Structure formats: structure tokens, C-alpha cells
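Numbering (the numbering used here), first residue to last: 1087 to 1350. Heads up, the beta-carbon is just placed ideally off N, CA and C, and yes, glycines get one too. This structure is a prediction, so every number in the text was calculated from the model and none was measured. Written out below as C-alpha cells is the structure these notes cover.
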Amino acid sequence: MRMNPVVARSFDAQLLARVEDAGLNASAPPQQRWVDGWLVRFSPGKAKRARCINAVAPGRLPVAKKLSLCEPVFAQAGLPLIVRMTPFSEPAGLDASLDAMGLERFDDTRVMVLEDVSNIVEPSLPPNLTIQPLGLEAFAQRVGALRGSPLSQRLAHGQRLAQSPVPFHAYEMKLDGEVVACGQYAQEADLVGLYDIFTAEPARGRGYASRLCAHLLVQAHRNGARHAYLQVDGDNQPARSIYHRLGFADAYAYHYRARDPSAA
């Protein structure tokens, strides 16, 4: 299997292939179609995974032809054409081909993996700190409000979660009744993915995110999860430090390409 050179350590190749599949399943929007081996997604939400081309199979058409077929799909949705590049992307040499066509690289993202979630311990919480389950549409509104996302993105996020082929479980953390963090997990067989982990800006640096993540992982382990994964911006060092302390390690990287990254 071709692997990205930023990989920091060795993981089982079959596990990484399953992680990539699980990430695609968990981010599946209603707005998607196939174009000659490429999974084309055009959700109006914030997550780029749900509004990009995932080149998962080589297909039969030339790359330029496939792009010309994808462009009107994004144009009709009012979205810029974005291609997600992973170590699994097809056909071989696609990244270099897109670069030669003028599609610029942006948003280096790391997929981090925790091989054994059984080592995670339920965090102790003071009496004024609680973690409570939250409905999926309510969660989309909650995390969207914390991020400052427009209503259109919150609604698209809620729609995607409600129609996801993989079940999500959302939670919010409150300090004295005020929301300080939220997050959710998607579980597929023995794989659990952490998603939308977000701490309110005034509450950052106090350990809330690490406690919330530990709680999510313990809940998933009780439901049969053995391995965990997550996706995080490569330059988000505060978040990456939290995940490293929980036992996650870089498994592989991906990035995006677009003609105008600033519009993506």
C-alpha cells in the first residue's frame, strides 16, 4: 500500500484501509454520486469531507475528462470543486496530475489512530461538571453555534447526521449549566471515530476536551469498540497534544486540492 511520507509509525495496513472506509462512511451526505470511480460529494455543510471528490477507484476515463464531468455538479450546488488526496487515492500519480492542472494543495490533515481503546479510563468529574447525551440535530446546532457557523451549514450538518449510514452518538459537557465543550463519535463494528470535538473559546486549556474524549471512548468501548481514529488539522498543535496524551498516533495524512483554496 502506498503511504504518505509524513506517517510517523507503522500501523497494520488493513486497519488503515478500514479507518479510511469508516471515515468515508461517517461523513456521507445525502448529496453524493459516482463519477467513473470517484465519489463526488456536494453537501453545503462546513465539513470538506462531505463536499469534495474522493478518488477511491481508478476508473477508465482520463483525469481531465472526469474533472470536466465533476465541475458542473459542484457549480450547480454553488460549491467550489475540491479533490481530497489520500495515500489511497486513485489513479496512481493523481496528485501530481492535479498539481500540473493548476489545482493548489491546502489543508494538511492528519488521521490519528489509537490501536487499543480498552486502556482509556472514565474521567473523574467534579460535581459542577457534567457530560450529557444530545440529539443529533441539537448537536449540529450546538457545535455550529460554538464555531460561529452560518445557519445553512448547521442545517446541512444536522441533515447529514440524521441520515448517516453509521450511527452517531453526541454529547455536551456543561460547567455549572453552561456548555464548555461538545463532541460525538461514530461507531462501525469495532472501529470508533471521534468527530466535532470542540471547546468553547473561553474554556480552552482546562482539560475539558481530554475528559470528553475519554468519556466518548469509554462509551464506545462498552459498545464493542477496539480501535479508534480521528482527523485533525496538521497545524492544530493544542488538539494534537490532547490526542497524543490519550494514546493516538499519526497514521497517515491527507490534503485537498482546488483551483482557489481561499474559496474552499
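### Query
Nearest to R1135 by CA position, among R1331, A1335, L1316 and G1333, is which residue?
The option with the nearest alpha carbon to R1135 is L1316.
### Message
On the CB-based measure, 16 or more other CB atoms within 10 Å of its CB, does A1248 come out buried or exposed?
### Response
In the assembly as shown, A1248 is an exposed residue. Its beta-carbon has fewer than 16 other beta-carbons within 10 Å.
### Query
In its own chain, which residues sit with a C-beta less than 7 angstroms from the C-beta of L1302, not counting the 5 before and 5 after it?
Closer than 7 angstroms at Cβ, skipping near neighbours: Y1257, G1269, Y1271 and L1280.
### Task
Could you name the residues that DSSP lists as bridge partners for Y1315?
DSSP lists V1199 and G1279 as the bridge partner or partners of Y1315.
### Task
Taking only the alpha-carbon atoms, compute the straight-line gap between R1191 and P1213 and give it to the nearest angstrom.
If I take the Cα positions, the gap works out to 47 angstroms.
### Message
What does DSSP give as the partner residue(s) for A1344 in the beta ladder?
### Response
DSSP lists E1190 as partners of A1344.
### Message
My assumption, with CB atoms under 8 angstroms, is that A1242 sits in contact with V1278. Please give the rounded CB distance.
### Response
Your pair A1242 and V1278 does not check out as a contact, with CB atoms roughly 24 angstroms apart and the cut at 8 angstroms.
#### Entry: Residue span of the beta strand (DSSP E) that contains I1139, given as start and end
Looking at the DSSP string, the run of the beta strand (DSSP E) that includes I1139 is I1139 to A1141.
### Query
Taking the alpha carbon of L1215 as the point to measure from, which residue in Q1227, D1262, G1230 and Q1245 has its own alpha carbon closest?
Distances from the CA of L1215 to each of Q1227, D1262, G1230 and Q1245 were compared; the closest alpha carbon is that of D1262.
### Message
Nearest by alpha-carbon distance to D1282: which of D1276, P1288, Q1162 and A1295 is it?
### Response
Taking the Cα of D1282 as reference, the smallest distance to any Cα among D1276, P1288, Q1162 and A1295 is reached at A1295.
### Task
List in chain order: all unbroken beta strand (DSSP E) runs of 3+ residues lying wholly within the region 1215 to 1241.
Entirely contained in the region 1215 to 1241, the beta strand (DSSP E) runs reaching 3 residues are, in chain order, 1215 to 1220.
### Query
Considering only the beta carbon of each residue, do R1127 and P1115 sit closer than 8 angstroms?
In this structure, P1115 lies closer than 8 angstroms to R1127 by Cβ.
### Message
Output needed for C1299: all residues of its chain with C-beta closer than 8 angstroms, excluding positions within five of it in sequence on either side, in chain order.
### Response
Excluding sequence neighbours, C1299 sits near G1269, L1280, I1283, I1328, Y1329 and L1332.
### Query
Which of helix, strand or coil does DSSP assign to K1244?
A small correction: the amino acid at residue 1244 is Gly; Lys does not occupy that position in the sequence shown. In the three-state DSSP reduction, G1244 falls in the helix class (H, G or I).
#### Entry: Cβ-Cβ separation, S1238 to P1148 (assumed contact under 8 angstroms), whole Å
So it is not a contact: roughly 35 angstroms between Cβ atoms.
### Message
Measuring straight from C-alpha to C-alpha, what distance separates P1108 and E1274?
### Response
Note on residue identity: the sequence assigns Ala, not Pro, to residue 1108. The alpha-carbon atoms of A1108 and E1274 are separated by roughly 7 angstroms.
### Own chain, CB closer than 8 angstroms to L1211, minus 5 neighbours either side, in chain order
The beta carbon of L1211 is closer than 8 angstroms to those of I1217 and R1297 in its chain, skipping five residues each way along the sequence.
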